[in-house]
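J.: Just so you know, we're using this note's numbering here: the sequence shown kicks off at 1074 and counts up by one.
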Amino acid sequence: MFKQMKVWLALTTIFSLLALVSACGDKSAAPDTNAPATGATVKTFAPKGNEGSVTGVVAYNGTPAAPKKIDTSADPVCGTANPNLVTEAAVVKDGKLANVFVYVKDGTTADGTKVGDYTYPTPSAAVTLDQKGCQYVPHVLGVQTNQTLTITNSDATQHNIHPTPKVNPEWNKTQANGSAPLNEKFARHEVLIPVKCNQHPWMKSYVGVLKHPFFAVSAADGSFTIKGVPPGTYTVAAWHEGGSAGTEKTMQVTVPASGSGKADFAFGDAATASTGSGLQMMPALDVPMIGRH
Ligand SMILES: [Cu+2]
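1) Is methionine 1324 close to ligand 1? I mean its beta-carbon at under 7 Å from any heavy atom of the ligand.
2) Between the Cα of threonine 1201 and the Cα atoms of Gln1231, Phe1297 and Pro1254, which residue gives the shortest distance?
3) Does the beta-carbon distance from glycine 1334 to valine 1127 come in below 8 Å?
4) Distance, Cα to Cα, isoleucine 1224 vs asparagine 1256?
5) Could you check the C-alpha separation between isoleucine 1143 and glutamine 1208 for me, to the nearest Å?
6) Would you give the residue range spanned by the alpha helix (DSSP H) that threonine 1247 belongs to?
7) According to the neighbour-count rule (16 or more other Cβ atoms, all chains shown, within 10 Å of its Cβ), is aspartate 1167 buried or exposed?
8) Could you check what DSSP says for valine 1150 in three-state terms: helix, strand or coil?
9) Leaving out the 5 sequence neighbours to the left and right, which residues in its chain are closer than 6 Å to alanine 1096 when beta-carbon positions are compared?
10) Quick one: is alanine 1147 buried, meaning 16 or more other Cβ sit within 10 Å of its Cβ, or exposed?
11) Taking the C-alpha atoms as reference points, what is the distance between valine 1290 and lysine 1246?
12) Can the beta-carbon of glycine 1125 be found less than 8 Å from the beta-carbon of alanine 1336?
13) Pull up the CB-CB distance for alanine 1183 and proline 1286, whole angstroms please, since I reckon it's below 8 Å.
14) Determine the DSSP secondary structure at valine 1188, reduced to helix, strand or coil.
15) Does aspartate 1179 come out as helix, strand or coil in the three-state DSSP assignment?
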């Protein structure tokens, strides 16, 4: 009698534990990569007035592949609108690289809060991605999670916008010439989402989706400024397209109160070589973006 009771108690305990484990499993599988780390106190980020910035220039060492002229004969409208359309895989001018997505990847603000443990208000202003001259303008852009991305068609032809994300839902939508803008959102952090056009195979764009507003894209002269960064020490990442998933380099940057932290990056052949041989200089880490999420 006693023995039976013991067995029953043991079984009950095992089943309770199993239930607990599976409940935890469900929780960790919840589809929200924006959630702060388990146990972290959720704080809403609010500027204190002593924010600074991360500034820098992205260089391109070596000679990039020359832009290729795009054959637009499949759609005469594109050839008329943009007869000199070229590829944008590496837009380099005077050794400086445009279209690099630079962002705060990780780090801790001066008050000891990890940047990922804050929640950030969603901006009410939309970011626009235009289709103009049968290319995406801009070529690289950033939005915050759930911020509206307005997609416009300035061309006299039809486009088909087709983001191919890994963690957000995939979709594609036809946008005829003259039709209303599309308003879309991405709910989850993802750096970066490739965007293509099913009508025009050369059209490419990349959308970085971050939960926070600390990102920028390098301009034609390679320069960028990430504004409104709270004082702290961060891992700043620079991402550039190429290969299957692009290349990302990172460096540590300290932003002083109301000041500026410097983050100069370099891509290209020579930059890759120096990354391999100059460990004592703590060069920017060259991390191939394989299996990122
Ligand atoms: Cu198109």
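Virtual Cβ for every residue (Gly too), placed ideally from N, Cα, C. Everything numeric in this text was worked out from a predicted model, so none of it was measured.
T.: So, from the data block:
1) For this step, residue 1324 is matched to residue 251 along the sequence shown. No, Cβ of methionine 1324 sits at least 7 Å from all heavy atoms of ligand 1.
2) Locating residue 1201 in the sequence shown gives position 128, where the first residue counts as 1. Among Gln1231, Phe1297 and Pro1254, the Cα nearest to that of threonine 1201 belongs to Pro1254.
3) Position 261 of the sequence shown, counting from 1, holds the residue named residue 1334. Position 54 of the sequence shown, counting from 1, holds the residue named residue 1127. A contact, by the Cβ cut-off of 8 Å.
4) Reading the sequence shown from its first residue, position 151 is the one you call residue 1224. Reading the sequence shown from its first residue, position 183 is the one you call residue 1256. Those two C-alpha atoms are separated by around 6 Å.
5) Taking the sequence shown and counting its residues from 1, the one referred to as residue 1143 is at position 70. Taking the sequence shown and counting its residues from 1, the one referred to as residue 1208 is at position 135. Distance between the alpha carbons of isoleucine 1143 and glutamine 1208 is about 11 Å.
6) Here the question's residue 1247 lines up with position 174 in the sequence shown. That residue, threonine 1247, is in no alpha helix (DSSP H); its beta strand (DSSP E) goes 1246 to 1248.
7) One-based indexing of the sequence shown puts residue 1167 at position 94. Answer is exposed; the Cβ neighbour count stays below 16.
8) In the sequence shown, the residue the question calls residue 1150 occupies position 77. In this structure, valine 1150 counts as helix in the three-state DSSP scheme.
9) Here residue 1096 refers to the residue found at position 23 when the sequence shown is read from its first residue. Confidence at alanine 1096 is low in this model, with a pLDDT of 40, below 50, so its placement is unreliable and no value can be given for it.
10) Counted from its first residue, the sequence shown places residue 1147 at position 74. Looking at its Cβ environment, which holds fewer than 16 other Cβ atoms inside 10 Å, alanine 1147 is exposed.
11) Looking up residue 1290 in the sequence shown gives position 217. Looking up residue 1246 in the sequence shown gives position 173. Roughly 26 Å separates the two Cα atoms.
12) For this step, residue 1125 is matched to residue 52 along the sequence shown. For this step, residue 1336 is matched to residue 263 along the sequence shown. No. Outside cutoff.
13) Position 110 of the sequence shown holds residue 1183. Position 213 of the sequence shown holds residue 1286. Not really, about 18 Å apart at Cβ, beyond 8 Å.
14) For the purposes of this step, residue 1188 is taken as residue 115 along the sequence shown, with counting starting at 1. Looking at valine 1188 - three-state DSSP - the assignment turns out to be helix.
15) Locating residue 1179 in the sequence shown gives position 106, where the first residue counts as 1. Strand, per DSSP.
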